[in-house]
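Undergrad: Protein chains in written order, with the working numbering: chain A, 1 to 284; chain B, 1001 to 1335. Submitted below is the structure of interest, expressed as structure tokens.
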Amino acid sequence: MRAACVALLLCLAHGLVACGSAPPAPSDIELRRERLLDLNDRAQRAVARGELRRAEALYREALRIAESFEDFHSIGVNALNLAAVQQALGETDGAQRVLERVLAAPDRFERPLVAQAAGLRAALALQTGDLNAAANWLNRAEQECKPPACRIQSALLVLRAQLALERGAAGESRELAARALAASRAEGSREEEANALRIGGRAAAAQGGHAEAIAQLDQALAVDKQLALPYKIGLDLIALAEMELMRGERQAARGYAQRALDVSRAAGNRRQQATAARILERVQ
Amino acid sequence: MKLASEMREGARDITLASRIFLGLGVVSLVAAVLLLAYNQGAFTKYIQVFFTAESAEGLNNGMAVKLVGFKVGSVESITINKPLRVTVELKVDANYGPMIDADSTVRLVREAIIGSNALEIRPGSGNRGPILDKSFLRYEREPSVENAVMALLDQMVPIVTDIRQITAYLSAPDSDLRQAVRSVNRTAGSLADASIELKKLIETTTQRVEQGETVVSGVFSTADKLLRDAGSSLALLDSSLKKVDAAVPGITTKLEQTLENVRAASEAARLMMAGEMSGVVAEAGALVSDTSEVVRGAKRSWPVNSFVQPPRESLLRLDGAGGVTAVPADSGRDR
């Protein structure tokens, strides 16, 4: 009995030694994967700090590593992230080229990734004013986006509302913005909530509903300030300036445009600076 | 009877097997303990090495003693002697004794920026042969990065003062340069006025000559006066430029002095970066690398690996307004 107890204790001791021993050395692919994850993590932190150039470099390197061992999930994720950062930097051509890696061979990637790639492509087309292309990409994104795996419905609705507004259908845009607002609140996405409020405000202003426009744009500005998003704050201020200009309030428009110029200068966004400067020229 | 004897035999076999198992277990455990003791240096032969220091600041019992980055021993004891000197006894692996020169020095160094202190044996000339048991070595402290930065700051102070003086000189309203530039401006203004007057005069003269007027002499006298004015303006310009010319060498000398100071300071900074700082940065990098290796190993080890969630790549969420925010696509209302 005593011998059995000692044997059991010995077994336990050996077991503990075995469990606590050094794990096997990681393989080459594991090391690459670790580097990839590290780069992705650092890039995301760079985005949070607003260091988009740095984030771009880190995502590019992550994408290169992912491509080196053909991990399609990682290729898709890092290509989308890189394209989003390039879009924010105003490099639309580069962003389109990166998205082609996903959109040219959609069967290799998961559907939510393809949906997001198509959504990004639609946003890029809207930025460049190619409304027909934007509509086509948006249709494709909506087809690919199947909940619950795909969680970008509110962003797609915002893009749809923006497309309607750009086409001059302010009524349709307001309706879509209201749906996007409800969807974003259901998703818990404060960023899309502010986007929906901004588009809704612009659409209301286009229809002459200035009081509602001011209320929505002020709400969007408050949310964006809470989230500390300089690009969005700039968009809100520009929308407010345009709205004030529309109803002939030149002094108020100048104030908003000047604020938008200051914000975009501080954030280093040249495109927004140019837009704010154009409004200031118009109100001089 | 047969059953009883079979049972006795069976019990004997079990006892024998369990004793063999127990014996094997004891042997392997003893072997493991011996291996551990060997790894911990229980069977290593050491030599004693001493050094004296003015202060025991930064020194601790058990502190590592390193030779070209390898741990070759540790601090055994630190004692205070009568004339307020500190004697430190080192325990150095005897295998490394032949590699340490008798005129080597012991230096207190910091392992990376946030690392612990260590003693580093720096090679001597080698003329006095290798170290022996109970030898005394010379001790020195590593110049700290803080001191180097302070020295650099000391060099920067005169530069800043020079730049301030030059700026004050250039911006002073009564400085030679300012006055000269003002005179040049004035002269240039009067020359411009004179040229306008001259142009008008030429136009009038042309008109009158065409009209056949004979009273051209009055016009010429006016022209003569204007030319004299222009001459005096040019003389003033010349004197102003002379002033500028006289002021420039002083400025140039001051600028040269400042540039020399800048060059000396940048040279000092470069040396510091190439020498001490690069070492510190390299060591910090190595430390970070080692730490991440240790953390990575710990994460993969049982039982930590069952508690640590495997890391995942995060996808930035699509933004309807074309911006980019560091919100992962899979984060929802739980944010």
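Where a beta carbon is used, it is the ideal one built from N, C-alpha and C, also for glycine. These figures come from a predicted structure and were not determined experimentally.
Per DSSP, K225 of chain A is paired with what?
TA: As a working note, residue 225 of chain A is residue 225 in the first sequence. Bridge partners of K225 of chain A: none, in fact.
Undergrad: Taking its Cβ as the centre, do 16 or more other Cβ atoms sit within 10 Å of V1027 of chain B, making it buried, or is it exposed?
TA: Along the second sequence, one-based indexing puts residue 1027 of chain B at 27. When all chains shown are included, V1027 of chain B counts as exposed.
Undergrad: Specify the secondary structure class of Q1048 of chain B as computed by DSSP and reduced to three states.
TA: Residue 1048 of chain B sits at position 48 when you count from the first residue of the second sequence. It is a strand residue.
Undergrad: Is the CB-CB distance between F1050 of chain B and V1088 of chain B below 8 Å?
TA: Residue mapping note: residue 1050 of chain B aligns to position 50 of the second sequence, counting from 1. Residue mapping note: residue 1088 of chain B aligns to position 88 of the second sequence, counting from 1. Yes. Within cutoff.
Undergrad: What are the residues of the stretch 1027-1059 of chain B that lie near chain A, defined by any Cβ-Cβ distance shorter than 9 Å?
TA: S1028, L1029, A1032
Undergrad: Below 8 Å on C-beta distance, what does N139 of chain A contact in chain B?
TA: Your numbering for residue 139 of chain A matches position 139 in the first sequence. The premise fails here: N139 of chain A is roughly 16 Å from chain B at the closest Cβ pair, so nothing lies under 8 Å.
Undergrad: Would you please verify whether the beta carbon of A1326 of chain B is less than 8 Å from any beta carbon of chain A?
TA: Taking the first residue of the second sequence as position 1, residue 1326 of chain B is located at position 326. It does; some Cβ of chain A falls within 8 Å.
Undergrad: If the cut is a Cβ gap below 8 Å, which residues of chain B does K232 of chain A touch?
TA: For the purposes of this step, residue 232 of chain A is taken as residue 232 along the first sequence, with counting starting at 1. Those are A1321, G1323, listed as they occur along chain B.
Undergrad: Is the Cβ-Cβ distance between V85 of chain A and E67 of chain A less than 8 Å?
TA: Position 85 of the first sequence, counted from the start, is the residue given in the question as residue 85 of chain A. Position 67 of the first sequence, counted from the start, is the residue given in the question as residue 67 of chain A. Taking 8 Å as the Cβ cut-off, V85 of chain A and E67 of chain A do not qualify as a contacting pair.
Undergrad: Is the CB of R152 of chain A under 8 Å away from at least one CB in chain B?
TA: Within the first sequence, the letter at position 152 stands for residue 152 of chain A. What sits at residue 152 of chain A in the sequence shown is Ile, not Arg. Cβ-Cβ to chain B under 8 Å: yes for I152 of chain A.
Undergrad: Run down chain A in chain order and give the residues with a C-beta less than 7 Å from the C-beta of L1318 of chain B.
TA: Taking the first residue of the second sequence as 1, we reach residue 1318 of chain B at position 318. What L1318 of chain B touches in chain A: Q116, G119, L120, I152, A155.
Undergrad: Give every residue of the same chain whose Cβ lies closer than 7 Å to the Cβ of A117 of chain A, excluding the five residues on either side of it in the sequence, and list them in chain order.
TA: The sequence position of residue 117 of chain A within the first sequence is 117, counting from 1. Answer for A117 of chain A: L80, L99, V102, L103, listed in chain order.
Undergrad: Whole angstroms are fine: how far does the CA of T275 of chain A sit from the CA of V283 of chain A?
TA: To locate residue 283 of chain A, count along the first sequence from 1; it is residue 283. To locate residue 275 of chain A, count along the first sequence from 1; it is residue 275. One C-alpha to the other measures close to 13 Å.
Undergrad: Who are S1135 of chain B's beta bridge partners in DSSP?
TA: Mapped onto the second sequence, residue 1135 of chain B falls at position 135. Partner residues in the beta bridge of S1135 of chain B, as assigned by DSSP, are B:V1049.
Undergrad: Hey, how far is the Cα of R198 of chain A from the Cα of E212 of chain A?
TA: The residue you call residue 198 of chain A lines up with position 198 of the first sequence. The residue you call residue 212 of chain A lines up with position 212 of the first sequence. Going by the C-alpha atoms only, they are around 11 Å apart.
Undergrad: Under DSSP, the alpha helix (DSSP H) around R167 of chain A begins and ends at which residues?
TA: Residue mapping note: residue 167 of chain A aligns to position 167 of the first sequence, counting from 1. Where R167 of chain A is concerned, there is no enclosing alpha helix (DSSP H), given that its DSSP letter is neither H nor E.
Undergrad: Would you verify that the beta carbon of R198 of chain A is, or is not, closer than 8 Å to some beta carbon of chain B?
TA: As a first step, residue 198 of chain A must be located in the first sequence, where it is residue number 198. Judged by the 8 Å Cβ criterion, R198 of chain A is in contact with chain B.
Undergrad: Taking only beta-carbon atoms, is G1010 of chain B less than 8 Å away from chain A?
TA: Position 10 of the second sequence, counted from the start, is the residue given in the question as residue 1010 of chain B. Taking Cβ atoms only, chain A never reaches closer than 8 Å to G1010 of chain B, which makes this a no.
Undergrad: In three-state terms, what does DSSP make of R1128 of chain B?
TA: The sequence position of residue 1128 of chain B within the second sequence is 128, counting from 1. Looking at R1128 of chain B - three-state DSSP - the assignment turns out to be coil, as it is neither helix nor strand.
Undergrad: On a CA-only basis, which of A:Q273, A:A228, A:A267, A:I279 is nearest R250 of chain A? Give me that one, please.
TA: Counted from its first residue, the first sequence places residue 250 of chain A at position 250. Checking every option, the nearest Cα to that of R250 of chain A belongs to A:I279.
Undergrad: List the endpoints of the continuous alpha helix (DSSP H) containing E30 of chain A.
TA: The residue given as residue 30 of chain A occupies position 30 in the first sequence. Run containing E30 of chain A: 28-49, per the alpha helix (DSSP H) assignment.
Undergrad: Check the C-beta distance from Q272 of chain A over to G234 of chain A and give it rounded, since I have them as a contact under 8 Å.
TA: Against the first sequence, residue 272 of chain A aligns to sequence position 272. Against the first sequence, residue 234 of chain A aligns to sequence position 234. The pair is a contact, with the Cβ atoms about 5 Å apart (cut-off 8 Å).
Undergrad: Given a cut-off of 8 Å on the beta-carbon distance, is the pair F1021 of chain B and A7 of chain A in contact?
TA: If you number the second sequence from 1, residue 1021 of chain B lands on position 21. If you number the first sequence from 1, residue 7 of chain A lands on position 7. Their beta carbons are under 8 Å apart, which means F1021 of chain B touches A7 of chain A by this criterion.
Undergrad: Secondary structure at S1077 of chain B, three-state DSSP: helix, strand or coil?
TA: Translated into the one-based positions of the second sequence, residue 1077 of chain B becomes position 77. Note: S1077 of chain B maps to strand in three-state DSSP.
Undergrad: Is it buried or exposed for D1093 of chain B, if we count other Cβ within 10 angstroms and need 16 for buried?
TA: As a first step, residue 1093 of chain B is located in the second sequence; it is residue number 93 there, counting from the start. Buried, since its Cβ has 16 or more Cβ neighbours within 10 Å.
Undergrad: Helix or strand or just coil, what does DSSP make of L89 of chain A?
TA: On the first sequence, position 89 is the one that residue 89 of chain A refers to. The answer is coil: DSSP assigns L89 of chain A none of H, G, I, E or B.
Undergrad: Where do the ends of the beta strand (DSSP E) carrying D1093 of chain B lie?
TA: Sequence index remark: in the second sequence, residue 1093 of chain B carries index 93 (1-based). Residues 1086-1093.
Undergrad: Check the Cβ of N81 of chain A against every Cβ in chain B and list those closer than 9 Å, keeping chain order.
TA: By one-based count along the first sequence, residue 81 of chain A stands at place 81. Per Cβ cutoff of 9 Å: E1313, S1314, L1315, L1316, V1324.
Undergrad: Name, going along the chain, the residues of the stretch 204-233 of chain A whose beta-carbon falls closer than 7 Å to a beta-carbon of chain B.
TA: L229, Y231, K232
Undergrad: CB L63 of chain A to CB Q87 of chain A, shorter than 8 Å?
TA: Position 63 of the first sequence, counting from 1, holds the residue named residue 63 of chain A. Position 87 of the first sequence, counting from 1, holds the residue named residue 87 of chain A. Cβ atoms of L63 of chain A and Q87 of chain A: not closer than 8 Å.
Undergrad: Rounded to the nearest angstrom, what separates L165 of chain A and A133 of chain A at their Cα positions?
TA: Reading the first sequence from its first residue, position 165 is the one you call residue 165 of chain A. Reading the first sequence from its first residue, position 133 is the one you call residue 133 of chain A. Their backbone Cα atoms lie some 15 Å apart in a straight line.
Undergrad: Should D1319 of chain B be labelled buried (16 or more other beta-carbon atoms within 10 Å of its own) or exposed?
TA: Locating residue 1319 of chain B in the second sequence gives position 319, counting from the first residue. By the neighbour-count rule (16 or more Cβ atoms within 10 Å), D1319 of chain B is buried.
Undergrad: Can you tell me whether L266 of chain A is buried or exposed? The criterion is at least 16 other CB atoms within 10 Å of its CB, across all chains shown.
TA: Taking the first sequence and counting its residues from 1, the one referred to as residue 266 of chain A is at position 266. It should be pointed out that residue 266 of chain A corresponds to Ala in this sequence rather than to Leu. The residue is exposed, with fewer than 16 neighbouring Cβ atoms inside 10 Å.
Undergrad: Comparing the C-beta of A287 of chain A with each C-beta of chain B, is any distance below 8 Å?
TA: Examination of residue 287 of chain A is not possible in this model, given that chain A is present from 1 through 284 alone.
Undergrad: From the DSSP output, in three-state form, read off I1020 of chain B for me.
TA: Within the second sequence, residue 1020 of chain B is the residue found at index 20, counting from 1. Three-state DSSP puts I1020 of chain B in a helix.
Undergrad: Is I279 of chain A helix, strand or coil when you go by DSSP?
TA: Within the first sequence, numbered from 1, the residue matching residue 279 of chain A stands at position 279. DSSP places I279 of chain A in helix when its eight states are reduced to three.
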